[in-house]
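Engineer: Numbering (the numbering used here), first residue to last: 696 to 1144.
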């Protein structure tokens, strides 16, 4: 009992440290997309280690007979546990929590390179960030639960535009950072032989900091001062997901899984402060002349859209699984600013995984797992009557670590977002993910000491 308590204290301390570390990483700029300027930024799918390389296919991800090397070690030690088939965390559908056999830790990171271009210029941007941290565990014979933290949306942009207005050159500088983060607590339970349901309770929080400068050219004869517009938004709200998975054997070797999810709440609450001032001088050495507008803290709402998803998977048990997902986000075509609309979003993804070998022994190459996927989103925004679509392909590999209860997951995604039409910006990106999954033996009884 004493040893168990010490183990719990150590692991709780380890988790607390990582949560604090993860929260710190959220303050970094982790995107350079000009389209993250609008609304709450660019939505980030709930990609966890089990989904790396599958392009976000997750609603029906519930593999059978997916046995990591730890199972062999536990069997030799005389441990008794409920072999429920998988040991990755999949909060994209909380019904999957009931499929966990062991306590599972996950942490992940990503690195991305963007190639931005419009009709006149090109630019390259590099950044890296924290993708998720979570822990999940089985409860009894039919339940599972988990909690964690991840980025829900990303905000980060820096660009410039120049116009001739009434014969005067005006330069507009746009700079923004921030994003919305998600802390989730989820649970799922199996009902009968073929059905599982689950729910995630989510706390959404974050910040959006925008700075816009209007700089007048020297030809205006000193008639106009430059303008500095500072806008700060703090997000704080609750949301929830509902999930369902139906699974049925097709003979002895094959199985079909159907997954459904819903996140019906469509708004996120926030508070906004704004300050507009006129100034002389260059950036960093401004001489403030006057306060043009000041808005103290005011409650506002952002439309994030109700989200509904469905997926289907076909699996050869312990060998491979192929999946397809569809997501619909109902944004009601809300106007974000002149010529910019939050259009309804339709996302389709497909994924294939060849599982790692069930045996902990033999050739290491045979123990590797392989993944590939593709996705297409019709429109994340509509800007100047142009749909800002996105598509990508991804590849992944799963590497079990010898003499440990851990796996490394790697993936690379190649994608494109936006268009150069109407002098808009097109992004091409390369996204790398790395994640560590640790399976542990909490709550497992042994047959002998």
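The C-beta atom is built at its ideal place from N, Cα and C for all residues, glycine as well.
Source: prediction; values computed, not measured.
May I ask which residues mark the beginning and end of the beta strand (DSSP E) holding residue 820?
Structural biologist: Numbered from 1 along the chain shown, position 125 holds the residue referred to as residue 820. Counting along the chain, the beta strand (DSSP E) containing residue 820 begins and ends at 817 to 834.
Engineer: Give me the residue from 1058, 1123 and 816 with the minimum Cα distance to residue 1085.
Structural biologist: To locate residue 1085, count along the chain shown from 1; it is residue 390. Out of 1058, 1123 and 816, 1123 has the C-alpha closest to the C-alpha of residue 1085.
Engineer: Closest to residue 864 by C-alpha separation, out of 926, 1045, 911 and 1021, would be which residue?
Structural biologist: In the chain shown, the residue the question calls residue 864 occupies position 169. The candidate whose alpha carbon is nearest that of residue 864 is 911.
Engineer: Terminal residues of the continuous beta strand (DSSP E) containing residue 1076?
Structural biologist: Translated into the one-based positions of the chain shown, residue 1076 becomes position 381. Run containing residue 1076: 1064 to 1078, per the beta strand (DSSP E) assignment.
Engineer: Only counting the same chain, and skipping five residues up and downstream in sequence, which positions put a Cβ closer than 7 Å to that of residue 1049?
Structural biologist: Against the chain shown, residue 1049 aligns to sequence position 354. Taken in chain order, the residues that qualify are 1015, 1064 and 1065.
Engineer: Put residue 1130 into one of helix, strand or coil per three-state DSSP.
Structural biologist: Translated into positions along the chain shown, residue 1130 becomes position 435. Residue 1130 falls in the strand class under three-state DSSP.
Engineer: Following the continuous beta strand (DSSP E) through residue 935, name the residue where it begins and the one where it ends.
Structural biologist: Residue mapping note: residue 935 aligns to position 240 of the chain shown, counting from 1. First-last of the beta strand (DSSP E) with residue 935: 921 to 945.
Engineer: According to the Cβ coordinates, are residue 837 and residue 794 closer than 8 Å?
Structural biologist: Within the chain shown, the letter at position 142 stands for residue 837. Within the chain shown, the letter at position 99 stands for residue 794. No; because the gap between Cβ atoms is not below 8 Å, this pair is not in contact.
Engineer: Is the segment 948 to 957 touching the segment 997 to 1006, taking contact as three or more C-beta pairs under 8 Å?
Structural biologist: The answer is yes - the segment 997 to 1006 touches the segment 948 to 957, with three or more Cβ pairs under 8 Å.
Engineer: Quick check on residue 869: does DSSP put it in helix, strand or coil?
Structural biologist: Within the chain shown, numbered from 1, the residue matching residue 869 stands at position 174. Residue state, collapsed to three classes: strand.
Engineer: Hey, could you find the ends of the beta strand (DSSP E) residue 962 is sitting in?
Structural biologist: Mapped onto the chain shown, residue 962 falls at position 267. It spans 962 to 975 - the beta strand (DSSP E) in which residue 962 sits, taken as one unbroken run.
Engineer: For a quick check, are the C-beta atoms of residue 727 and residue 858 less than 8 Å apart?
Structural biologist: The sequence position of residue 727 within the chain shown is 32, counting from 1. The sequence position of residue 858 within the chain shown is 163, counting from 1. No, the Cβ-Cβ distance between residue 727 and residue 858 is not below 8 Å.
Engineer: Would you kindly work out how many angstroms separate the C-alpha atoms of residue 748 and residue 1073, rounded to a whole number?
Structural biologist: Reading the chain shown from its first residue, position 53 is the one you call residue 748. Reading the chain shown from its first residue, position 378 is the one you call residue 1073. Each residue's alpha carbon lies about 21 Å from the other.
Engineer: Compute the beta-carbon to beta-carbon distance between residue 892 and residue 841, rounded to the nearest angstrom, for a pair I have assumed lies under 8 Å.
Structural biologist: Taking the first residue of the chain shown as position 1, residue 892 is located at position 197. Taking the first residue of the chain shown as position 1, residue 841 is located at position 146. Residue 892 to residue 841, Cβ: 15 Å. No contact.
Engineer: So, is the C-beta of residue 1124 closer than 8 Å to a C-beta in chain C?
Structural biologist: Reference to chain C is not applicable here, since this structure consists of a single protein chain.
Engineer: I'd like to know whether the C-beta atoms of residue 1070 and residue 1112 end up nearer to each other than 8 Å.
Structural biologist: As a position in the chain shown, residue 1070 is number 375, starting the count at 1. As a position in the chain shown, residue 1112 is number 417, starting the count at 1. It is not a contact, given that the beta carbons lie outside the stated cut-off.
Engineer: Can you list, in chain order, the residues of its chain with a C-beta nearer than 6 Å to that of residue 1162? Leave out the 5 residues immediately preceding and following it.
Structural biologist: A question about residue 1162 goes unanswered here, because the residues of the chain that appear run from 696 up to 1144.
Engineer: Tell me which same chain residues have a C-beta within less than 7 Å of the C-beta of residue 932, skipping the five on either side of it?
Structural biologist: Taking the chain shown and counting its residues from 1, the one referred to as residue 932 is at position 237. Closer than 7 Å at Cβ, skipping near neighbours: 899, 963 and 964.
Engineer: Residue 848: which of 997, 811 and 895 sits nearest, CA to CA?
Structural biologist: Taking the first residue of the chain shown as 1, we reach residue 848 at position 153. The shortest C-alpha separation from residue 848 is found at 997.
Engineer: Rounded to whole angstroms, how far is the Cβ of residue 843 from the Cβ of residue 786, which I believe are closer than 8 Å?
Structural biologist: For the purposes of this step, residue 843 is taken as the residue at position 148 of the chain shown. For the purposes of this step, residue 786 is taken as the residue at position 91 of the chain shown. Contact holds; Cβ gap of about 7 Å.
Engineer: Output the distance between the C-alpha atoms of residue 871 and residue 967, rounded to the nearest integer angstrom.
Structural biologist: Taking the chain shown and counting its residues from 1, the one referred to as residue 871 is at position 176. Taking the chain shown and counting its residues from 1, the one referred to as residue 967 is at position 272. Their backbone Cα atoms lie some 15 Å apart in a straight line.
Engineer: My output table needs one value for residue 1116: the three-state DSSP class, helix, strand or coil.
Structural biologist: What you label residue 1116 is simply residue 421 of the chain shown in a count that begins at 1. In this structure, residue 1116 counts as helix in the three-state DSSP scheme.
Engineer: Ordered along the chain, which non-local residues of its own chain (more than five positions away) have a Cβ less than 7 Å from that of residue 983?
Structural biologist: To locate residue 983, count along the chain shown from 1; it is residue 288. Here the set comprises 972 and 974.
Engineer: Looking at the structure shown, is residue 757 part of a helix, part of a strand, or coil, going by DSSP?
Structural biologist: What you label residue 757 is simply residue 62 of the chain shown in a count that begins at 1. Correct three-state label for residue 757: coil.
Engineer: Between 928, 826, 919 and 752, which has its C-alpha nearest residue 994's C-alpha?
Structural biologist: Taking the first residue of the chain shown as 1, we reach residue 994 at position 299. The candidate whose alpha carbon is nearest that of residue 994 is 928.
Engineer: In its own chain, which residues sit with a C-beta less than 8 Å from the C-beta of residue 1096, not counting the 5 before and 5 after it?
Structural biologist: To locate residue 1096, count along the chain shown from 1; it is residue 401. The answer, listed in chain order, is 1102 and 1103.
Engineer: Just list the beta strand (DSSP E) runs in the segment 836 to 915, keeping only unbroken ones of 3 residues or longer that don't cross its boundaries, in chain order.
Structural biologist: Those beta strand (DSSP E) runs which fall completely within the segment 836 to 915 and span 3+ residues are 838 to 860, 863 to 886 and 890 to 911.
Engineer: Would you mind working out which of 885, 862, 901 and 806 sits nearest residue 1148, comparing C-alpha positions?
Structural biologist: Here the chain covers residues 696 to 1144 and nothing more, so residue 1148 does not appear.
Engineer: Using a threshold of 8 Å, state whether the C-beta atoms of residue 1039 and residue 1028 are closer than that.
Structural biologist: Numbered from 1 along the chain shown, position 344 holds the residue referred to as residue 1039. Numbered from 1 along the chain shown, position 333 holds the residue referred to as residue 1028. For residue 1039 and residue 1028, yes; Cβs fall inside 8 Å.
Engineer: If I measure Cβ to Cβ from residue 1127 and keep anything under 6 Å in the same chain, skipping five residues before and after, which residues do I get?
Structural biologist: Locating residue 1127 in the chain shown gives position 432, counting from the first residue. Excluding positions up to five away in sequence, the list reads 806 and 1107.
Engineer: Quick check on the DSSP output: the beta strand (DSSP E) that includes residue 1034 runs from which residue to which?
Structural biologist: Looking up residue 1034 in the chain shown gives position 339. That residue, residue 1034, is in no beta strand (DSSP E); it is neither H nor E in DSSP.
Engineer: Roughly how far, in whole angstroms, is the beta-carbon of residue 733 from the beta-carbon of residue 1119, given that I think they are within contact range, below 8 Å?
Structural biologist: Counting from 1 along the chain shown, the entry for residue 733 is found at position 38. Counting from 1 along the chain shown, the entry for residue 1119 is found at position 424. 13 Å between Cβ atoms; not a contact.
Engineer: Between residue 832 and residue 895, what straight-line distance do the alpha-carbon atoms span, to the nearest angstrom?
Structural biologist: The sequence position of residue 832 within the chain shown is 137, counting from 1. The sequence position of residue 895 within the chain shown is 200, counting from 1. Between residue 832 and residue 895, the C-alpha separation is close to 15 Å.
Engineer: Can you tell me where the beta strand (DSSP E) holding residue 949 begins and where it ends?
Structural biologist: As a position in the chain shown, residue 949 is number 254, starting the count at 1. Its beta strand (DSSP E) spans residues 949 to 958.
Engineer: Locate the beta strand (DSSP E) running through residue 1084, then write down its first and last residues.
Structural biologist: Taking the chain shown and counting its residues from 1, one reaches residue 1084 at position 389. Per DSSP, residue 1084 belongs to the beta strand (DSSP E) from 1081 to 1095.
Engineer: Excluding the 5 residues preceding and the 5 following residue 1129 in the sequence, name in chain order all residues of the same chain whose CB lies nearer than 6 Å to its CB.
Structural biologist: The count along the chain shown starts at 1 and reaches residue 1129 at position 434. Result list for residue 1129: 804 and 1105, in chain order.
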